[in-house]
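Below: one structure, written as structure tokens.
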Amino acid sequence: MSKKGILLVNLGTPDSPATADVRKYLDQFLMDERVIDIPKLNRTLLVKGIIVPFRSPKTAKLYKEIWDENGSPLLFYSRLQAKMLQERLGDDYHVELAMRYQSPSIASALANLKAGLVESIQVIPMFPQYASASTGSVMQLVMELVSKWQTVPPISFINSFHDNELMIKVFAENARRHHVENYDHILFSFHGLPERQLLKCDHTGSYCLKSADCCQTLNDTNKFCYSAQGHDTARLIAKELNLSKDQYTVCFQSRLGKEPWVQPYTTDVLKKLAAEGKKRLLVFSPAFVADCLETLYEITVEYHEEFKALGGEHVQLVESLNDSPVFIEALAGMVK
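Residue numbers 1 to 336, in full-length UniProt numbering, belong to the letters of the sequence shown in order.
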């Protein structure tokens with residue numbers, strides 16, 4: 001009996017925290033035309049000439065801080081999610097895991113599905129909010145690879161799941177375990193993007209960033225906007241936790257370079273909250289479905305230390321979806 005193919009794709013991780021492997025990962029990641037969306041010659045000079053040589057040793061040290069007996073947390077939880085989804089869906093489905101950058105590759109995962117003679121392929125980029133640099137990049141590469149096949153099966157994509165009810169419940173339940181009422185303020189810290197990438201997603205050319213509240217609510221114009229979908233995710237989690245608007249802030253981390261990125265920046269929000277006398281912060285990172293460098297180090301270590309230096313006391317990360325059975329039910333629901 002033929003099976004339905006399911007391809008889960010996350011961002012990627014180095015094969016090891018060694019500088020050479022981190023260099024390979026950063027080179028592939030940052031040379032993606034959707035990640036650094038500038039002319040190829042400029043991108044090559046910037047990435048291969050400046051960013052990768054100087055950033056690789058520093059980033060390798062950070063990966064060493066989060067690497068554990070299971071290796072890369074992102075890869076460990078991604079494999080677990082794929083295994084749990086396969087068990088949940090049963091023998092009518094063939095689930096494969098891939099990383100957009102490094103291993104296991106999308107090409108190898110698609111080859112496995114092809115060899116398995118699947119009757120269709122459903123691709124689920126594991127990014128709750130759509131962005132050209134993440135979901136769009138996965139979609140583009142899958143289509144490029146499959147376009148070379150002589151027989152192309154029916155292929156479908158999950159564009160985003162920023163408002164998935166079960167996903168929202170998992171994040172809220174993870175927060176409750178930390179006793180939300182014991183914190184002075186809640187942050188929803190999303191991975192950042194250059195503002196130019198948001199502007200490119202505005203097909204009207206007259207809406208994005210034209211007002212301070214353009215991302216606050218979803219509409220037909222901004223329905224594919226990463227920032228607007230992020231604000232919607234935060235709103236839904238806050239609603240699940242009965243938080244008022246003055247109890248939480250949406251912000252963006254991991255800025256690179258000097259040009260404007262989506263704001264407010266998490267570091268600026270930390271300064272503002274510390275100046276207001278806030279001492280204890282609870283931080284969600286709902287752009288990720290598995291804990292990784294951006295959550296386990298950037299938030300748990302860097303932002304915690306930064307906030308303490310500003311006079312705060314504690315920054316507590318709300319764990320990601322990781323191996324939650326409820327999140328696996330969410331994925332199964334997307335499939336069916």
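Quick reminder that beta carbons are idealized off the backbone N, C-alpha and C, glycines included. Only a predicted model underlies this, so the values are computations on that prediction, with no experimental measurement involved.
Of the listed residues the options, nearest to residue i (C-alpha basis)
i, options, result
"Q28", "R280, I36 and Y101", "Y101"
"S105", "A18, K148, P14 and T300", "P14"
"L282", "V315, D202, T233 and T295", "V315"
"S132", "E195, E294 and D232", "E195"
"K3", "W67, E329, A18 and Q86", "Q86"
"E119", "Q140, S156, I51 and S134", "S156"
"residue 358", "R235, S134, N174 and M139", "The question about residue 358 has no answer here: the residues shown for the chain are numbered 1 through 336."
"S56", "L46, L89, Y297 and A18", "A18"
"G49", "K64, R23 and G71", "R23"
"S78", "C292, L199 and A309", "C292"
"Y130", "K258, D21, D232 and G312", "D232"
"A107", "Y63, K148 and F224", "K148"
"L202", "I328, L75 and L218", "Per the sequence presented here, residue 202 reads as Asp, with Leu not at that position. That would be L218, whose Cα lies nearest to the Cα of D202."
"E199", "S227, R176, E173 and N174", "The amino acid at residue 199 is misidentified as Glu; the sequence shows Leu. It is S227."
"A172", "D213, R235, N222 and A98", "R235"
"K271", "G312, Q247 and V250", "G312"
"P125", "K223, K308 and V9", "V9"
"V250", "Q263, M99 and K258", "Q263"
"C225", "K83, H162 and E276", "H162"
"A332", "K258, A309 and I158", "I158"
"T59", "E259, I38, L26 and M139", "L26"
"I38", "L11, G12, E259 and G205", "E259"
"V123", "L117, A115 and Q140", "Q140"
"D92", "K245, E276, K223 and M1", "M1"
"K245", "F188, N222 and W67", "F188"
"residue 360", "E276, Y63 and S160", "Look at the range of the chain in this structure, 1 to 336, and you will see that residue 360 is not part of it."
Sequence-distant residues of the same chain with beta carbon closer than 8 Å to residue i, five excluded per side
i, result
"L113", "G5, L7, H94, E96 and I121"
"T151", "none"
"E69", "none"
"Q247", "H185, I186 and A238"
"D323", "Y77, L80, Q81 and M84"
"D220", "none"
"R176", "L241"
Assumed close pair residue i, residue j - CB separation to whole angstroms, cut-off 8 Å
i, j, result
"G136", "R34", "6 Å"
"F190", "P73", "Not really, about 19 Å apart at Cβ, beyond 8 Å."
"P128", "V289", "7 Å"
"V335", "L89", "6 Å"
"V52", "L30", "7 Å"
"L46", "I36", "7 Å"
"G205", "M99", "About 34 Å separates the two Cβ atoms, so there is no contact after all."
"P306", "T267", "Strictly speaking, residue 306 in this sequence is Glu, with Pro absent from that position. Indeed they touch by this definition, with Cβ atoms about 7 Å apart."
Nonlocal neighbours in the same chain, by C-beta distance under 6 Å from residue i, ignoring five residues either side
i, result
"H185", "L273, K278 and L281"
"E65", "Y297"
"A330", "N164, L166 and M167"
"D32", "S137"
"D21", "P14 and D15"
"C215", "S227, A228 and H231"
"L110", "L145"
Residues of its chain near residue i, where Cβ-Cβ distance is below 7 Å and the 5 sequence neighbours each way are ignored
i, result
"W261", "G192, L193, P194, E195, F252 and R255"
"T295", "S285, F288, L317 and S320"
"N174", "V318 and E319"
"residue 349", "Nothing can be reported for residue 349, as the shown portion of the chain is limited to 1 through 336."
"I310", "The sequence shown places Leu at residue 310, rather than the Ile named in the question. Closer than 7 Å at Cβ, skipping near neighbours: L270, K271 and A274."
Enumerated in chain order, which unbroken segments of the beta strand (DSSP E) with a length of 3 residues or greater are wholly contained in the stretch 239-325?
248-253, 280-284 and 314-317
Counting pairs of Cβ atoms below 8 Å between the stretch 316-329 and the stretch 204-212, do you hit three or more?
Contact between the stretch 316-329 and the stretch 204-212 is absent: fewer than three C-beta pairs spanning the two stretches fall below 8 Å.
Inter-stretch contact at 8 Å, needing at least 3 Cβ pairs: the stretch 298-306 / the stretch 137-145
no
Can you list, in chain order, the stretches of the alpha helix (DSSP H) that have 4 or more residues and sit fully within the stretch 3-35?
19-30
For the stretch 189-231, list the alpha helix (DSSP H) runs that are entirely contained and at least 4 residues long, ordered along the chain.
195-200
Kindly confirm or deny that the stretch 176-190 and the stretch 231-251 touch, where touching means at least three C-beta pairs closer than 8 Å.
Yes, the stretch 176-190 touches the stretch 231-251.
Taking only runs that begin and end inside the stretch 91-140, name each unbroken beta strand (DSSP E) of 3 or more residues, in chain order.
You should have 93-101 and 120-125.
Counting only runs that start and end within the stretch 134-174, where is the alpha helix (DSSP H) found for 4 or more residues in a row?
For the stretch 134-174, whole alpha helix (DSSP H) runs of length 4 or above, ordered along the chain, are 137-146.
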